[in-house]
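For the working numbering, add 21 to where a residue sits in the sequence shown, where the first one is 1. Glycine included, C-beta positions come from ideal geometry on N, C-alpha and C. Quick caveat, the model's predicted, so the values are computed rather than measured.
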Amino acid sequence: KFVDFVTAQVKTLSFLAYLLRMFAEKLRPYRDAIPKAVISLLITCPNEVISIRRELLIATRHIVATDFRAGFVAHIDTFLQERVLVGQGRTCYESLRPLAYSTLADLV
Numbered sequence: 022k023f024v025d026f027v028t029a030q031v032k033t034l035s036f037l038a039y040l041l042r043m044f045a046e047k048l049r050p051y052r053d054a055i056p057k058a059v060i061s062l063l064i065t066c067p068n069e070v071i072s073i074r075r076e077l078l079i080a081t082r083h084i085v086a087t088d089f090r091a092g093f094v095a096h097i098d099t100f101l102q103e104r105v106l107v108g109q110g111r112t113c114y115e116s117l118r119p120l121a122y123s124t125l126a127d128l129v
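Next comes the structure, spelled out in structure tokens:
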């Protein structure tokens, strides 16, 4: 059931990334909380469920493409840790590494 909980959180983050495009001004008070939530999800995301991590990376990429990028810069050291960004599973490493580093490149 933990996987379902993380899935719901990632789906909510994807919806939030969609809302950021239209209502960025309303969500500005959460500028510092969003990067912390993304990092927390990256750390707790199960390695065996690649689809969740892929959706999380895509949502992160969409968020980084907005003004909220500044909040992520403070956490760049955490994003540079491969085990956090890509995950620790072999399948995650092989299939998500290009997307993960592309997301990181968008941040930098």
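Quiz item: If you drop the 5 nearest sequence neighbours on each side, which residues of the same chain put their C-beta closer than 6 Å to that of Ala38?
Solution: Working through the sequence shown from its first residue, we reach residue 38 at position 17. Answer for Ala38: Ala80, His83, Ile84, listed in chain order.
Quiz item: In this structure, does DSSP put Phe23 in helix, strand or coil?
Solution: To locate residue 23, count along the sequence shown from 1; it is residue 2. Helix, per DSSP.
Quiz item: Are the beta-carbon atoms belonging to Ala45 and Phe89 less than 9 Å from one another?
Solution: By 1-based counting over the sequence shown, the position of residue 45 is 24. By 1-based counting over the sequence shown, the position of residue 89 is 68. In this structure, Phe89 lies closer than 9 Å to Ala45 by Cβ.
Exercise. Specify, as a first and last residue, the run of the alpha helix (DSSP H) that Gly92 falls within.
Key: As a first step, residue 92 must be located in the sequence shown, where it is residue number 71. Taken as a continuous stretch (DSSP letters only), the alpha helix (DSSP H) holding Gly92 covers 90 to 94.
Quiz item: When you compare only the Cα positions, how much space is there between Asp98 and Leu128?
Solution: In the sequence shown, residue 98 corresponds to position 77, counting from 1. In the sequence shown, residue 128 corresponds to position 107, counting from 1. Using only the alpha carbons, I get a separation of about 12 Å.
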